[in-house]
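Chains as they are written, first to last, in the numbering used here: chain Y, 288 to 332; chain D, 180 to 642.
Beta carbons are placed, not taken as given, at the ideal position from N, Cα and C, and that holds for glycine.
Remarks on the structure that follows.
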Amino acid sequence: MTESKHHEDVSGANTIKLALAWTFVGIPLLWGVYNTLAQAVLLFK
Amino acid sequence: MATAAQADSGGIFSWLDRTHTVAKPGFSRWLVPPAALCVHLCIGQVYAFSVFNLPMTKLIGITSSAPDDWKLTELGWIFSIAIVFLGLAAAFTGTWLDRVGPRKAMFTAALCFGGGFLISALGVHLHQLWIIYLGYGVLGGCGLGLGYISPVKTLITWFPDRPGMATGLAIMGFGGGAMIASPLSVWLMQQFATPTHVGVMETFVVLGLVYLFFMMMGAVIVRVPPKGWAPEGYVAPAQPKKLVTTEHVHVDQALKTPQFYLLWGVLCLNVTAGIGVLGQASAMSQEMFPGHISALAAAGFVGLLSLFNMVGRFFWASTSDFIGRRNTYMIFFALGMVLYAIVPWTGNIGSVALFVACYAVIISMYGGGFATIPAYLKDIFGTRYVGAIHGRLLTAWSAAGVFGPVLVNYIREYQIDHGVAKADAYSVTMYIMAGLLLVGFVLNWLMHPVAEHHHMNPEDVDA
């Protein structure tokens with residue numbers, strides 16, 4: 288395997304890992320933010 | 180980038196060793212913040228524990244409290260014990276954490292926090308409150324403290340160019356944790372509730388297992404940088420800023436410096452000013468604006484404050500990378516003073532919008548104070564023992580947890596007992612908070628670099 292090919296593989300694997308990791312924490316966080324905003328709207332009604 | 184070091188011990192737990200967590204070439208440092216968030220989003224649940232209080236007063240009576248049911252005052256101790264053990268664990272495990280690395284610390288925190296829920300479920304099942312004190316309070320509290328400080332040093336070493344932003348991201352998770360836990364807990368209790376059962380025990384079991392899994396994922400993902408690693412293209416400033424050291428101070432030595440106590444005071448006063456308000460936000464908004472803010476709207480106000488608490492952690496900590504830590508705290512204290520002084524006036528003129536805006540900014544700075552302090556410690560004491568020093572400094576949080584609510588509650592009671600109208604009863608408290616922030620401003624202004632004789636020898640730093 289050439290060095291540039293190896294570099295591309297590492298980079299591609301990193302992108303997938305990054306997407307998975309941030310999705311893993313992002314979904315519950317966004318759900319929490321959504322719920323809080325829905326509650327906060329009551330203040331302005 | 181250097182290759183990962185080899186394992187230094189065998190056995191099934193060897194993957195927890197620091198040497199096994201050294202990042203291999205090509206590892207992206209942007210995987211570390213989600214690892215930290217896995218832990219902080221879970222332990223942030225502690226701020227939502229109160230959602231269990233009312234259901235736990237009806238475990239026997241189901242629809243209303245029976246004579247043998249627990250009282251709210253007894254249940255309030257669960258949270259208090261957890262916070263005390265958070266402070267103790269953070270203070271006493273920091274040095275161990277620095278030695279064993281973040282993965283073992285996160286793993287232990289997961290076992291403690293998840294296990295605390297499972298033991299508490301047993302306490303609910305047997306209707307033995309002392310088991311819950313021991314489970315969520317003591318064991319869970321240790322998990323909170325250990326989990327809180329475990330990713331801090333790792334983040335700072337991965338992001339020498341943006342330490343404030345990195346720790347802000349993680350500590351933002353602690354603010355966001357309650358926003359997830361509160362609706363999730365209520366929903367779970369609704370699912371498990373039957374005409375003869377309130378569903379708390381099952382909810383504890385599910386939360387314990389979910390948090391255990393989530394925090395373990397953080398432990399699996401986290402990595403420490405190889406020795407001497409630096410981000411690509413990063414060059415340490417040749418001319419360091421006055422309040423940013425390139426030296427290191429040992430944790431025991433840090434406790435002998437005035438800077439530690441100045442920062443202790445800075446954190447304590449900033450937290451005191453915010454925590455008292457957070458606990459009383461609902462009642463305060465309704466009493467200052469009778470007829471304008473209903474109980475439902477007040478719940479919305481509390482939700483809005485949670486959001487600003489979370490966002491402020493990221494915003495202010497990131498901002499501190501550009502304007503400096505001391506300047507950031509100067510803004511917290513100066514702006515906080517002005518806003519606290521304005522709050523009673525917003526009540527007098529009946530401006531709900533201004534009242535909400537003032538508190539939104541105040542609470543963002545409360546969260547920002549938590550998130551900026553690790554980078555401030557790194558600037559003053561260096562990175563070598565920043566985790567352990569941060570742990571010791573968090574005792575300021577425990578102290579503020581007592582001062583803040585006491586100030587707000589007792590001064591309010593005193594005012595009302597002496598004939599002051601409920602709508603005006605908070606004015607004195609707000610002026611006292613502004614005064615506390617003035618003291619914080621002075622402490623922060625007095626900050627200066629640590630004297631050279633406190634610095635570690637270079638050979639000890641690498642040991």
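For this session: Using a threshold of 7 Å, state whether the C-beta atoms of D/MET609 and D/VAL522 are closer than that.
Result: Your numbering for residue 609 of chain D matches position 430 in the second sequence. Your numbering for residue 522 of chain D matches position 343 in the second sequence. Taking 7 Å as the Cβ cut-off, D/MET609 and D/VAL522 qualify as a contacting pair.
Exercise. Helix, strand or coil for D/GLN185 per DSSP?
Worked result: Counted from its first residue, the second sequence places residue 185 of chain D at position 6. Per-residue confidence for D/GLN185 stands at a pLDDT of 41, beneath the threshold of 50, marking its modelled position as unreliable; no derived number is given.
For this session: Reducing DSSP to helix, strand and coil, say where D/VAL428 ends up.
Result: For this step, residue 428 of chain D is matched to residue 249 along the second sequence. Residue state, collapsed to three classes: strand.
For this session: Indicate the three-state DSSP secondary structure (helix, strand or coil) for D/HIS632 in the structure shown.
Result: One-based indexing of the second sequence puts residue 632 of chain D at position 453. D/HIS632: helix per DSSP, three-state reduction.
Exercise. Mind pulling the chain D residues with CB within less than 7 Å of Y/ALA306?
Worked result: As a first step, residue 306 of chain Y must be located in the first sequence, where it is residue number 19. Residues of chain D passing the Cβ test: none, with the nearest at roughly 10 Å.
Exercise. Taking one C-beta from the stretch 509 to 528 of chain D and one from the stretch 475 to 487 of chain D each time, how about it: are there three or more such pairs within less than 8 Å?
Worked result: no
Exercise. If the cut is a Cβ gap below 9 Å, which residues of chain Y does D/TRP209 touch?
Worked result: Sequence index remark: in the second sequence, residue 209 of chain D carries index 30 (1-based). Correct list: ASN301, LEU305, ALA308 and TRP309.
Exercise. Rounded to a whole number of angstroms, what is the C-alpha to C-alpha distance between D/ALA184 and D/VAL621?
Worked result: Against the second sequence, residue 184 of chain D aligns to sequence position 5. Against the second sequence, residue 621 of chain D aligns to sequence position 442. Low per-residue confidence applies at D/ALA184: pLDDT is 42, beneath 50, and the placement is therefore not dependable enough to give any value.
Problem set entry | In chain order, each alpha helix (DSSP H) run of at least 4 residues that lies wholly inside the stretch 339 to 400 of chain D | 342 to 371 and 379 to 400
For this session: Could you check if D/PHE192 is buried or exposed, using at least 16 other CB atoms within 10 Å of its CB as the buried criterion?
Result: Counting from one through the second sequence, the residue named residue 192 of chain D turns up at place 13. So D/PHE192 ends up on the exposed side.
Exercise. Since D/LEU422 contacts D/ASP558 with CB under 8 Å, what's their CB separation in whole angstroms?
Worked result: Here residue 422 of chain D is taken as the residue at index 243 of the second sequence, counted from 1. Here residue 558 of chain D is taken as the residue at index 379 of the second sequence, counted from 1. So it is a contact: roughly 6 Å between Cβ atoms.
For this session: Tell me whether D/THR182 is buried or exposed, calling it buried when 16 or more other Cβ atoms sit within 10 Å of its Cβ.
Result: By one-based count along the second sequence, residue 182 of chain D stands at place 3. Unreliable placement is indicated for D/THR182, whose pLDDT of 37 sits below 50; the coordinate value is still reported in the next sentence. So D/THR182 ends up on the exposed side.
For this session: State yes or no: is the beta carbon of D/ALA409 nearer than 7 Å to at least one beta carbon in chain Y?
Result: As a position in the second sequence, residue 409 of chain D is number 230, starting the count at 1. Judged by the 7 Å Cβ criterion, D/ALA409 is not in contact with chain Y.
Problem set entry | Buried or exposed by the 16-neighbour rule on C-beta atoms within 10 Å, applied to D/GLY240 | The residue labelled residue 240 of chain D in the question sits at position 61 within the second sequence. Exposed, since its Cβ has fewer than 16 Cβ neighbours within 10 Å.
For this session: Would you kindly report the start and end of the unbroken alpha helix (DSSP H) that includes D/LEU233?
Result: If you number the second sequence from 1, residue 233 of chain D lands on position 54. 232 to 235 is the span of the alpha helix (DSSP H), which, as asked, contains D/LEU233.
Exercise. How would you label D/SER243, buried or exposed, when you count the other beta carbons within 10 angstroms and need 16 or more for buried?
Worked result: The sequence position of residue 243 of chain D within the second sequence is 64, counting from 1. Exposed, by the Cβ-count rule.
Problem set entry | Residue-level contact to chain D via CB, Y/LEU329, 7 Å cutoff | On the first sequence, residue 329 of chain Y is found 42 positions in, with the first residue counted as 1. Yes, contact with chain D.
Exercise. For D/VAL403, which beta-bridge partners are listed by DSSP?
Worked result: Along the second sequence, one-based indexing puts residue 403 of chain D at 224. Its beta-bridge partners are D/VAL201.
For this session: Give the secondary structure of D/GLN465 by DSSP, where H, G and I count as helix, E and B as strand, and everything else as coil.
Result: Here the question's residue 465 of chain D lines up with position 286 in the second sequence. If DSSP states are grouped into helix, strand and coil, D/GLN465 belongs with the helices.
For this session: Kindly give me the distance between the Cβ atoms of D/SER499 and D/THR551, rounded to whole angstroms, as I take these residues to be in contact under 8 Å.
Result: Position 320 of the second sequence, counted from the first residue, corresponds to residue 499 of chain D. Position 372 of the second sequence, counted from the first residue, corresponds to residue 551 of chain D. Confirmed, about 5 Å.
For this session: Mind checking which residues open and close the alpha helix (DSSP H) that includes D/HIS219?
Result: As a working mapping, residue 219 of chain D is identified with position 40 in the second sequence. Run containing D/HIS219: 211 to 222, per the alpha helix (DSSP H) assignment.
Problem set entry | Rounded separation between D/ASP277 and Y/LYS332 - CA only | Reading the second sequence from its first residue, position 98 is the one you call residue 277 of chain D. Reading the first sequence from its first residue, position 45 is the one you call residue 332 of chain Y. If I take the Cα positions, the gap works out to 50 Å.
Exercise. If you draw a straight line from the C-alpha of D/PRO553 to the C-alpha of D/GLY326, how long is it?
Worked result: Start at 1 with the first residue of the second sequence, and residue 553 of chain D comes out as number 374. Start at 1 with the first residue of the second sequence, and residue 326 of chain D comes out as number 147. D/PRO553 and D/GLY326: Cα-Cα distance of roughly 14 Å.
Problem set entry | Neighbourhood of D/THR436 by C-beta distance below 6 Å, restricted to the same chain and skipping five residues each side | As a first step, residue 436 of chain D is located in the second sequence; it is residue number 257 there, counting from the start. Closer than 6 Å at the Cβ level, and outside the excluded window around D/THR436, lie VAL629 and HIS633.
For this session: State yes or no: is the C-beta of D/VAL517 nearer than 6 Å to some heavy atom of the ligand ATP?
Result: Within the structure as shown, the ligand ATP is missing, as the structure has no ligands at all.
Exercise. With burial defined as no fewer than 16 other Cβ atoms inside 10 Å of the residue's Cβ, what is the status of D/ASP639: buried or exposed?
Worked result: As a working mapping, residue 639 of chain D is identified with position 460 in the second sequence. D/ASP639 comes out exposed.
Exercise. Nearest chain Y C-beta to D/GLY619 closer than 7 Å, yes or no?
Worked result: Counted from its first residue, the second sequence places residue 619 of chain D at position 440. No, because no Cβ of chain Y sits closer than 7 Å to the Cβ of D/GLY619.
Problem set entry | Rounded straight-line distance, which links the Cα of D/VAL414 to that of D/THR336 | What you label residue 336 of chain D is simply residue 157 of the second sequence in a count that begins at 1. What you label residue 414 of chain D is simply residue 235 of the second sequence in a count that begins at 1. Looking at the two C-alpha atoms, the distance is approximately 14 Å.
Problem set entry | Interface residues of chain Y facing D/ILE400 [CB-CB closer than 7 Å] | Position 221 of the second sequence, counted from the first residue, corresponds to residue 400 of chain D. Near D/ILE400 (Cβ distances below 7 Å), the residues of chain Y are ALA308.
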